[in-house]
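Engineer: Sharing a structure below in structure tokens format, with a few things to ask.
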Amino acid sequence: MASEPLHVLVYGSVDDGACDSVRLGVYRDLLPAHGVEMRTWGEMNDYRVQIPADYAGGLDGAFRDGVAAIDLSPLEWADVLVFRRWYGTVCACEGCDYVAPDETTLAGHTAASGHASVVRDRIVRVLLAAIERDRSILRGRAVVYEVDDDLLAAQPWSGFDRRLAGDRDLIERLARLADLVTVSTPAVADSFRRLNASVRVIRNAVKPELYGPAPVDLASRPLAFVYYGVGARYRDYSICRDAVDTVARASGGRRIWIGSDEPSIRAVVDEARPYQPGIPEFARELASLAPAIGVAPSGQDAYSRAHSELHWLEYSLAGAATVASRCMGPGPYDVMRDGVDGLLARNRAQWREQLRKLAASPSLREELAGRARERVLAEYDVRARVSEWADAFVWAAGHAGR
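Each residue of the sequence shown is one higher than the last, beginning at 144 in this note's numbering.
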């Protein structure tokens, strides 16, 4: 008789946005074959909360006064409870990262600015405090904290620094509570080991089929330089912008940005495309552009250096040869083999040199892109990575309450 699968309950979404999907959502249908079933708490009871029947303050007042009680029945199903990244609990503006002291003040700000407010999570602090007071409510279940950015080193230019500062204590408490912390890169692992000795690196991965059939005739592609990211990532793009501009002018190549069509972005490229929140939609768009060269610049601050190699993975599946930043210390693209499956550049002069080299040689672009794709398919397919997630959840379940 087959044994009962390990039940993994995720607090929050596993497919609402790119970060959710890349780290957990893409594995959901693959995990059962490895003895793991994954669900989200919202699917089970949509975060039911009880408050005193005659409580005049309503739900907001009950949370404020500490009399709201969360329905913990979903835990009965679970063996492992997963918290992920960070949950916005402060009154904040989505458009400008303004943080207000209360809902009334925030409402005035959003009305005046025309911005939307951040959807707050009102449950997680109450839940975490309950577990911290009495871990026995978990009844032996393990806790995993999953994080794919160095949230302990976020920068003001990120666009969410003030919001994050209001939840910094929550991030640190989740990391300390966990039996296991899972992260995307060694740099994130080094940062979070200050809070928890049990940290496991599980690299990001991709679903090759989302990018369509294998690219052909790479050497004959029109020259196009592609970068993707939200508008705040212009700070990174500025590292290679002059080099891209110089080589694009000399070669007649097009400069394309995916992920923002803000006026400031449209001003620095030939074509700017808006943000695509869904991974399948983004993958199709990237592949449809048939990029010849993908650029992956990275800053030297700790937050930037902790990013993953995802740009290289996705460019490679779309058939592009990648030029990426070589950081002064550990960085996102240390996994690339310079001159074998991509090119690395340490400074602006090297960015110009590497881009000129690729622009002038279709055969070199084809060679690097072909080798990169072979490696990505062999090492970074989600089907190759899923066993690492299953092993992590099983390990956590065996070390609950550590």
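Even glycine gets a Cβ: it sits at the ideal position worked out from N, Cα and C.
Looking only at its chain, what residues have a beta carbon closer than 8 Å to the beta carbon of S506, apart from the 5 residues adjacent to it on each side?
Structural biologist: Indexing the sequence shown from 1 puts residue 506 at position 363. Cβ within range, chain order: A362.
Engineer: If you draw a straight line from the alpha carbon of A321 to that of L313, how long is it in whole angstroms?
Structural biologist: On the sequence shown, residue 321 is found 178 positions in, with the first residue counted as 1. On the sequence shown, residue 313 is found 170 positions in, with the first residue counted as 1. So the two alpha carbons sit approximately 12 Å from each other.
Engineer: Using DSSP bridges, identify the partner residues of E289.
Structural biologist: The residue you call residue 289 lines up with position 146 of the sequence shown. Partner(s): R227 and T325.
Engineer: DSSP state of C239, grouped into three classes?
Structural biologist: As a first step, residue 239 must be located in the sequence shown, where it is residue number 96. Secondary structure of C239 (DSSP, three-state): coil.
Engineer: Check the C-beta distance from L270 over to I213 and give it rounded, since I have them as a contact under 8 Å.
Structural biologist: Counting from one through the sequence shown, the residue named residue 270 turns up at place 127. Counting from one through the sequence shown, the residue named residue 213 turns up at place 70. Cβ-Cβ separation between L270 and I213: approximately 5 Å, consistent with a contact (criterion under 8 Å).
Engineer: Which whole-angstrom value is the C-beta distance of S407 and Y370, which I expect to be below 8 Å?
Structural biologist: Working through the sequence shown from its first residue, we reach residue 407 at position 264. Working through the sequence shown from its first residue, we reach residue 370 at position 227. Actually they are not in contact, since the Cβ atoms of S407 and Y370 sit about 14 Å apart, beyond 8 Å.
Engineer: Look at the alpha carbon of E517 and the alpha carbon of L453, and state the distance between them as a whole number of angstroms.
Structural biologist: The sequence position of residue 517 within the sequence shown is 374, counting from 1. The sequence position of residue 453 within the sequence shown is 310, counting from 1. A direct Cα-to-Cα measurement between E517 and L453 gives close to 15 Å.
Engineer: Please report the distance separating the alpha-carbon of D245 from that of T232.
Structural biologist: Position 102 of the sequence shown, counting from 1, holds the residue named residue 245. Position 89 of the sequence shown, counting from 1, holds the residue named residue 232. C-alpha separation (whole angstroms): 11 Å.
Engineer: Any idea what DSSP makes of H454, helix, strand or coil?
Structural biologist: Taking the first residue of the sequence shown as 1, we reach residue 454 at position 311. Three-state DSSP puts H454 in a helix.
Engineer: With V223 and T183 assumed to form a contact (beta carbons below 8 Å), what rounded beta-carbon distance in angstroms separates them?
Structural biologist: Looking up residue 223 in the sequence shown gives position 80. Looking up residue 183 in the sequence shown gives position 40. 13 Å between Cβ atoms; not a contact.
Engineer: Assign T247 to buried or exposed, taking buried as 16 or more other Cβ atoms, counted over all protein chains shown, within 10 Å of its Cβ.
Structural biologist: Here the question's residue 247 lines up with position 104 in the sequence shown. Under this definition T247 is an exposed residue.
Engineer: Indicate the three-state DSSP secondary structure (helix, strand or coil) for F335 in the structure shown.
Structural biologist: Looking up residue 335 in the sequence shown gives position 192. Three-state result, F335: helix.
Engineer: Considering R398, what are the terminal residues of the beta strand (DSSP E) in which it resides?
Structural biologist: Working through the sequence shown from its first residue, we reach residue 398 at position 255. Counting along the chain, the beta strand (DSSP E) containing R398 begins and ends at R397 to I401.
Engineer: Any contact between the segment 336–352 and the segment 153–171? By contact I mean 3 or more CB pairs, one from each, below 8 Å.
Structural biologist: Contact between the segment 336–352 and the segment 153–171 is established, with three or more Cβ pairs separated by less than 8 Å.
Engineer: How about V290 and R228: do their beta carbons lie closer than 8 Å?
Structural biologist: In the sequence shown, counting from the first residue as 1, residue 290 sits at position 147. In the sequence shown, counting from the first residue as 1, residue 228 sits at position 85. Yes, they are a contact pair.
Engineer: Between the C-alpha atoms of Y380 and S447, what's the straight-line distance to the nearest angstrom?
Structural biologist: The count along the sequence shown starts at 1 and reaches residue 380 at position 237. The count along the sequence shown starts at 1 and reaches residue 447 at position 304. If you take the alpha carbons of Y380 and S447, they lie about 12 Å apart.
Engineer: What are the partner residues of H150, as DSSP defines its beta bridges?
Structural biologist: Residue 150 sits at position 7 when you count from the first residue of the sequence shown. Answer by DSSP bridge pairing, in chain order: E180.
Engineer: Taking the CB atoms as reference points, tell me whether I345 and R528 lie closer together than 8 Å.
Structural biologist: As a position in the sequence shown, residue 345 is number 202, starting the count at 1. As a position in the sequence shown, residue 528 is number 385, starting the count at 1. Yes, Cβ-Cβ distance for I345 and R528 is below 8 Å.
Engineer: Taking contact to mean at least 3 C-beta pairs separated by less than 8 Å, is the segment 456–472 in contact with the segment 434–447?
Structural biologist: yes
Engineer: Anyone know if the C-beta pair for E401 and A367 falls short of 8 Å?
Structural biologist: Counted from its first residue, the sequence shown places residue 401 at position 258. Counted from its first residue, the sequence shown places residue 367 at position 224. For the sequence presented, residue 401 should be read as Ile rather than Glu. No; because the gap between Cβ atoms is not below 8 Å, this pair is not in contact.
Engineer: Residue range of the beta strand (DSSP E) that I436 falls in?
Structural biologist: Numbered from its first residue, the sequence shown carries residue 436 at position 293. First-last of the beta strand (DSSP E) with I436: I436 to A439.
Engineer: Only counting the same chain, and skipping five residues up and downstream in sequence, which positions put a Cβ closer than 6 Å to that of R364?
Structural biologist: Counting from 1 along the sequence shown, the entry for residue 364 is found at position 221. For R364, where only same-chain residues beyond five positions count, the Cβ hits under 6 Å are A433 and A435.
Engineer: Which residue or residues does DSSP assign as beta-bridge partners of F368?
Structural biologist: Against the sequence shown, residue 368 aligns to sequence position 225. DSSP output for F368 lists R398 and I436 as bridge partner(s).
Engineer: Count the other CB atoms within 10 Å of the CB of Y230; is the residue buried (16 or more) or exposed (fewer)?
Structural biologist: Indexing the sequence shown from 1 puts residue 230 at position 87. Looking at its Cβ environment, which holds 16 or more other Cβ atoms inside 10 Å, Y230 is buried.
Engineer: Compute the distance between the beta-carbons of R306 and D264, then report whether it is under 8 Å.
Structural biologist: As a working note, residue 306 is residue 163 in the sequence shown. As a working note, residue 264 is residue 121 in the sequence shown. Contact: no.
Engineer: Residues in its own chain within less than 8 Å of P420 by CB, not counting five upstream and five downstream?
Structural biologist: Locating residue 420 in the sequence shown gives position 277, where the first residue counts as 1. Taken in chain order, the residues that qualify are G160 and A161.
Engineer: Tell me where the beta strand (DSSP E) around T247 begins and ends.
Structural biologist: Taking the sequence shown and counting its residues from 1, the one referred to as residue 247 is at position 104. Unbroken run through T247 is the alpha helix (DSSP H), E246 to S256; no beta strand (DSSP E).
Engineer: Round the Cβ separation of M187 and V151 to the nearest angstrom and send it over; I've been treating them as touching at under 8 Å.
Structural biologist: Along the sequence shown, read from residue 1 onward, the residue named residue 187 stands at position 44. Along the sequence shown, read from residue 1 onward, the residue named residue 151 stands at position 8. Actually they are not in contact, since the Cβ atoms of M187 and V151 sit about 12 Å apart, beyond 8 Å.
Engineer: Hey, how far is the Cα of M144 from the Cα of P175?
Structural biologist: Residue 144 sits at position 1 when you count from the first residue of the sequence shown. Residue 175 sits at position 32 when you count from the first residue of the sequence shown. Note that M144 scores a pLDDT of 40, beneath 50, so its modelled location is shaky; the value from the coordinates is reported in the next line. Cα to Cα, the separation comes out at about 16 Å.
Engineer: On a Cα-Cα basis, can you pick out the residue from W300, F303 and V225 that is closest to A318?
Structural biologist: Here residue 318 refers to the residue found at position 175 of the sequence shown. Here the closest residue by C-alpha is V225.
Engineer: Are A430 and A410 touching if we call contact CB-CB under 8 Å?
Structural biologist: In the sequence shown, counting from the first residue as 1, residue 430 sits at position 287. In the sequence shown, counting from the first residue as 1, residue 410 sits at position 267. For A430 and A410, no; Cβs fall outside 8 Å.
Engineer: In whole angstroms, what separates the C-alpha of A533 from that of G185?
Structural biologist: Indexing the sequence shown from 1 puts residue 533 at position 390. Indexing the sequence shown from 1 puts residue 185 at position 42. If you take the alpha carbons of A533 and G185, they lie about 22 Å apart.
Engineer: Below 8 Å on the Cβ atoms is my guess for R495 versus V390; work out the distance and round it to an integer in Å.
Structural biologist: For the purposes of this step, residue 495 is taken as the residue at position 352 of the sequence shown. For the purposes of this step, residue 390 is taken as the residue at position 247 of the sequence shown. With a Cβ gap of about 7 Å, R495 and V390 count as contacting.
Engineer: Return yes when the Cβ of S327 is within less than 8 Å of the Cβ of A502, no when it is not.
Structural biologist: Here residue 502 refers to the residue found at position 359 when the sequence shown is read from its first residue. Here residue 327 refers to the residue found at position 184 when the sequence shown is read from its first residue. No, they are not a contact pair.
Engineer: Output the distance between the C-alpha atoms of G396 and A272, rounded to the nearest integer angstrom.
Structural biologist: Within the sequence shown, the letter at position 253 stands for residue 396. Within the sequence shown, the letter at position 129 stands for residue 272. Cα to Cα, the separation comes out at about 55 Å.
Engineer: Flag this pair as yes or no: are the beta carbons of A604 and V192 separated by less than 8 Å?
Structural biologist: This structure gives no information on residue 604, because the portion of the chain shown stretches from 144 to 545.
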